[in-house]
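In our numbering, the protein residues as written are 44 to 155.
Inspection log for the structure reproduced underneath, given as structure tokens.
This is the structure we're talking about:
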């Protein structure tokens, strides 16, 4: 009788560990993307609204191809109310750093 309980506990523990291990591959937010080794850190460019320091649902463009990313970055924090072109150092939804860039640099990198 005890053997069955131990066996159920081991199976339940293994299933729980497997689910926790796989979670970052299916859930994308700034926390899980930070730890997910399958997501590379990359640079993207974006046009953001003026007169705010909080940008939501930002459509970013790949710095290598100039094309839209297949997803929007949910939340990006800024620090300059008067500028609207940014270069984002990010890993999926996790934003490591932003840098404001000129309109000329943005247009050079983005093919909308």
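Idealized CB from N, CA, C, for every residue including glycine.
Owing to the predicted nature of the structure, the values given are computational and were not obtained by experimental measurement.
In the structure shown, residue 152 adopts helical secondary structure according to DSSP, grouped into three states. Annotated three-state conformation of residue 93 is coil, per DSSP.
Boundaries cannot be given for residue 122, as no alpha helix (DSSP H) includes it and DSSP labels it neither H nor E. Between the C-alpha atoms of residue 145 and residue 70 there is a straight-line separation of about 34 Å.
Burial check for residue 147: the Cβ neighbour count within 10 Å stays below 16, so the residue is exposed. For residue 141, the enclosing beta strand (DSSP E) covers residues 137-143.
The beta carbon of residue 124 lies closer than 8 Å to those of 93, 94, 95, 96 in the same chain, with the five residues before and after it left out. CA-CA distance, residue 53 to residue 64, rounds to 16 Å. Check the Cα spacing between residue 111 and each of 50, 121, 100: the tightest is with 100. When the five nearest sequence neighbours on each side are left out, the beta carbons in the same chain lying within less than 7 Å of the beta carbon of residue 137 are those of 73, 76, 77, in order along the chain. Distance from the CA of residue 116 to the CA of residue 135, rounded to the nearest whole angstrom, comes to 8 Å. If the five residues before and after residue 102 are omitted, its C-beta is found closer than 7 Å to the C-beta atoms of 89, 111, 115, all from its own chain and listed in chain order.
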